[in-house]
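Below: the structure, in structure tokens.
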Amino acid sequence: MLLILDVLTTAAILFVTSIGLLAIFGVLKIINFAHGAWITIGAYCAVVAAKLGLNPWAAAPLAFVVGAALGGLAELFIIRPLYRRPLDAILATWGLGIVIGQLITLGFGRDVQFTPNLLPGAVQLLGVDYSAYRLVALGAALVIGAAFAFTIEGTRLGLSARAVIMNEALARGLGIDTARVRFVTFMIGAGLASLAGVLLTPLASVDPNMGVGWLIGAFMLVMVSNASFLALAAACLVFGAAQVLISAFVSPIFGSIAIAVLAAVTLRISPKGFSRA
Amino acid sequence: MPEDASAIGLSGSAERGRPRLSRAAPFVVAALAAAALWAAPLVLDAFAVNVLTRSMIYATLAVTVDLLWGFTGILTFGQAAFFGVGAYATAMALSYLGATPEWMAVALALAVVAPAALGLAVGWLSFYHRSTALYASVISLVLPIVVTQLIYSGGEWTGSSSGLVGFEVLPLELEGFFRLSAFALVAATLAAWVFVRSDAGRALVAVRDNDARCAYLGLSPKRLQIALTAALAGVAGLAGFIFANASSVVAPENAGFLFGTELVIWVALGGRGTLLGPVLGTVAIDYLAANLSGDLPFLWQLLLGATFVAVIILLPGGLAEIARRVWSALPIGRSAGFTPRLVARSSRPAADGAGAPLLTIEGLAKSYGSLTVLENIDLEVRAGELVSLVGPNGAGKTTLMRCLSDGTEPFKGAVSIGGVSTAGLTPNRIVALGVGRKFQVASVFESLTVADCLLLARASHDGLSPIGRAETIGLPQAALNVLRMTGLDRMLAEPARLLSHGQKQALELAMVVALEPRLILLDEPTAGLTKAERTTIGAALKALTGELGVAAVLVEHDLDFVREISSRIVVLHQGRLALDGTVEEVVGSELVRTIYSGAAHG
């Protein structure tokens, strides 16, 4: 029972941390290696919110706005010149991640920061005591997923984004301002990454380099999902389960590399990964 | 006036003398560098010697990263892992076996063989038919993470998170290790320099530019990439061996993903694809880092990161790009590259067994999901025939060409070339059966010269020298004719990206003809060409089939052109073979008239 809850909540956390990267990769065809830095930015928004004495939950919208605004700047000055050089974009965003990490270190120091727990305690669920916050994270993943699905399926931006994903040249020919779609998508993706950073604060330690570990997992999950949002959900469930089960029954060290290795093997066997299903 | 004349005379003699001079340049530079580095410990203080020893080991790694990424286009973070495996193999061997000369030799062998074997496995995983550049980068990113976690889980064996310290090492002093790593760096750089300037070095750039074209020239880009990965993993392991000895400490960070990204940053800042740029960049940055990071640790990282971003965006060629621009602005810097001469070679004897069909297609069908593109295609083509494939857009002509030239394409039915089934064969193996394919959109190597493109076209027959440059390229007369008729033979030193559309088409045709195929597949070779260019290509094709007995299958829209050169015409309509007959039969038929006037859809 505990394992099932662990699998579900782990998958939810993976989903929350990857969805921003997926949005950007899907539309811009660019891998944002500064994704980890945006997660870190979000977590430090929670630190700042706590210092200002705000309600811990207020950090979530704050992080989304800050992340999206900074994302907009990054898109204009760093991503835009590199549209045609996707491998270089990986490097430039990685460099940006270094810069952000060092700026945060200069501002807050390199030590671990503590934030108030968004929801402490445990609840009785199906016969076991379970961390209340992990259940909240599961709910948050569902809400974010639903909002994301609504944006894609139900709004004009989503329609334009889908057009750009399918055939960018044609979309431009039809009068869609693809540069604007890319810009807004990058802002949303960056905002979602920062939001994930806030949601991670009760689960992970907050330090200037916290994002890197999450980046690799998110990157691998997005690679196997091939820009499909349902495939991402499926990949999070399957690989999250693998991570939990291998950690529990084999060794936590193997559990920690389970996602990377399994995703690499999956891609080797089926280059489209989970999106085919 | 007399001054002018003498200037011309001078430049002429300089040009004649230059090839020999430039061939000797790497050795001269290497000898000077080796001498300077040998003497360097005499004037440097202990701190500088210590730091530079490490910097030069890292620079050796940077050379391997540059070969993979700068030249071959494989963005890799994995060299750190191979380095770490080499360092740990050394440290573990020396810790548990001892440091006698015999065990030292064992440690050295392990430090090279273990990473090379791992590199072979990683290469096999990363490079396969239709693999993408991004996938190789993904694997190179996973590798250091996996290796690091294995080191953590190694317990006492690997020292887990604290690493291994205090093992016995080579009996060298500080200066000795400095000279050892200097020697390794100079040797690695020299070998890489000679290699990238050789004919085989062109193949690296060709794979980066256009690996599909490589495969359709009968080369195996994947095998080259795998071999390169394994060999350079061995070199990285060797660097790890020296590192473990020089520092007598190994730690998980040495194999880590972050170190892998640092290597890429150094190479990018120094200037990818220039070898000397990454070497100097790595030594300079690592040395500066050692001096500055003590005083202003975060600011140093910040500056480095910001510079890196700026260089990637604004100056993709790195700092070497600036040096190159300054150099080429100087009068002595503007030298023409080495260009081989073209010579005619006797063509292979015409295909034997002229009676049997060269190409046999039986019951070929292809569908994408529920959409059927080709159905029930049966066709035989004999030596000396020029079969034109006509039909409206969407009839399946290009799809058919793809099925003929790539046996891994999923389709039903059977295709055989000279009696050999192509089922499951990758394009390079089908080319080996004697097939040449020209694409609809000219597919050449954009950053190579015309001469180098032709050189690679001959590589599957004549091989490529890994150390030098061939003085001549032997081409069959038919290929020479194409070059001569289009004037390309006077543009051998021109980079292919500067050619006009028609010239690129002609170059690709010459490359395909240079393969001396028995069967040549041409997808709209005259699309977008002028009338004169079209006539030229038509004449070349007629000569190939008529005089040399090559079989040709041609996809074409221009019925006048088809009528002039074909010996047979096949009409594809809505995925089926609608007509197969002589020129008169087909051109005069009712069906062709209705298809082309669009009435068939009515």
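Sequence order for the protein chains is W and V. Residue 519 is where the first sequence starts when you use my numbering, and the numbers rise one by one after that. Residue 270 is where the second sequence starts when you use my numbering, and the numbers rise one by one after that. Note that beta-carbon positions come from the ideal geometry of N, C-alpha and C, so glycine has one too. Fair warning: this is a prediction, and the values are worked out from it, not measured in the lab.
Proximity test, Cβ basis, 8 Å: residue i and chain V
| i | result |
| --- | --- |
| G729(W) | no |
| Q631(W) | no |
| V565(W) | no |
| Q620(W) | yes |
| L677(W) | no |
| A795(W) | Note that A795(W) has pLDDT 47, beneath the 50 cutoff, so the model's placement of it is unreliable and no number is given. |
| I616(W) | yes |
| I771(W) | yes |
| A568(W) | no |
| S712(W) | no |
| L721(W) | no |
Under the three-state DSSP convention, the category residue i falls into
| i | result |
| --- | --- |
| S657(V) | strand |
| A821(V) | strand |
| E793(V) | coil |
| G743(V) | strand |
| R874(V) | With chain V running from 270 to 871 in the structure shown, residue 874(V) is simply not present. |
| S743(W) | helix |
| E686(W) | helix |
| A818(W) | Residue 818(W) cannot be examined here, being either before or after the span of chain W that is shown, 519 to 795. |
| I734(W) | helix |
| V768(W) | coil |
| Q843(V) | coil |
| D849(V) | strand |
| S406(V) | helix |
| D725(W) | coil |
| L710(W) | helix |
| R837(V) | strand |
| T633(W) | coil |
| Y648(W) | strand |
| A276(V) | Low per-residue confidence applies at A276(V): pLDDT is 38, beneath 50, and the placement is therefore not dependable, though the value from the model is reported in the following sentence. Three-state result, A276(V): helix. |
Contacts that residue i makes with chain B (C-beta to C-beta distance below 8 Å)
| i | result |
| --- | --- |
| A782(W) | Annotation note: the requested chain B is absent from the structure, which comprises protein chains W and V. |
Among the options, the one whose alpha carbon lies nearest that of residue i
| i | options | result |
| --- | --- | --- |
| R477(V) | A317(V), L344(V) and L778(V) | L344(V) |
| L501(V) | L828(V), E442(V), M754(V) and L387(V) | L387(V) |
| R680(W) | T558(W), S746(W), V584(W) and V742(W) | S746(W) |
| G857(V) | I838(V), R671(V) and E425(V) | I838(V) |
| A294(V) | L449(V), M325(V) and V463(V) | V463(V) |
| D778(V) | P370(V), A356(V), S712(V) and S400(V) | The sequence given here places Leu at residue 778(V); Asp does not occur at that position. Looking at the Cα atoms, S712(V) is the closest of the given residues. |
| F510(V) | L768(V), Y357(V), L655(V) and G470(V) | Y357(V) |
| E522(V) | L363(V), G342(V), G347(V) and N479(V) | G347(V) |
| A360(V) | P384(V), F436(V) and M325(V) | F436(V) |
Minimum Cβ-Cβ distance from residue i to chain W less than 8 Å
| i | result |
| --- | --- |
| A402(V) | yes |
| I582(V) | yes |
| V533(V) | yes |
| T530(V) | yes |
| P585(V) | yes |
| V465(V) | no |
| A558(V) | no |
| V334(V) | no |
| E272(V) | Since pLDDT at E272(V) reaches only 39, below the 50 mark, its modelled position is unreliable, and the value read off the structure follows with that caveat. For E272(V), the answer is no, since every Cβ of chain W falls outside 8 Å of its Cβ. |
| I554(V) | no |
| G286(V) | The predicted position of G286(V) is uncertain, since its pLDDT is 42 and thus under 50; a value taken from the coordinates is nonetheless stated next. Not one chain W Cβ lies under 8 Å of G286(V). |
| L538(V) | no |
| H870(V) | For H870(V), the pLDDT reaches just 46, beneath the cut-off of 50, and the residue's location in the model is therefore unreliable, leaving the point undetermined. |
| F577(V) | yes |
| L344(V) | yes |
Check: residue i C-beta below 7 Å from any heavy atom of the ligand NAD
| i | result |
| --- | --- |
| A469(V) | As presented, the structure is devoid of all ligands, the ligand NAD included, so that no description of it is given. |
query = At a cut of 8 Å, does the region 665-676 of chain V reach the region 625-645 of chain V through at least three beta carbon pairs?
reply = yes
ask   = In the region 563-574 of chain V, which residues sit with their C-beta less than 7 Å from some C-beta in chain W, listed in chain order?
value = F567, Q570, L571 and G574
inquiry  = Does the contact criterion of 3 or more C-beta pairs under 8 Å hold for the region 780-793 of chain W versus the region 735-742 of chain W?
reply    = yes
query = Counting pairs of beta carbons, one from the region 306-316 of chain V and one from the region 472-487 of chain V, are three or more of them closer than 8 Å?
reply = no
query = Looking at chain W, which residues of the region 416-439 of chain V have a Cβ within less than 7 Å of any of its Cβ atoms?
reply = Q418, Y421 and S422
task = Report the residues of the region 581-610 of chain W with a CB closer than 9 Å to any CB of chain V, ordered along the chain.
result = F595, I596, P599, L600, R603, P604, L605, D606, A607, I608, L609 and A610
message = Against chain W, which members of the region 496-522 of chain V pass a CB distance test of less than 7 Å?
response = none
message = Along the region 724-753 of chain W, where does the CB come closer than 7 Å to a CB of chain V? Name the residues.
response = I734 and M741
ask   = Contact between the region 794-811 of chain V and the region 826-837 of chain V: three or more CB pairs below 8 Å?
value = yes
ask   = When the Cβ atoms of the region 669-676 of chain W are set against those of the region 686-696 of chain W, are three or more pairs found closer than 8 Å?
value = no
query = How do the region 605-615 of chain W and the region 747-766 of chain W stand: do at least 3 beta-carbon pairs fall below 8 Å, yes or no?
reply = no
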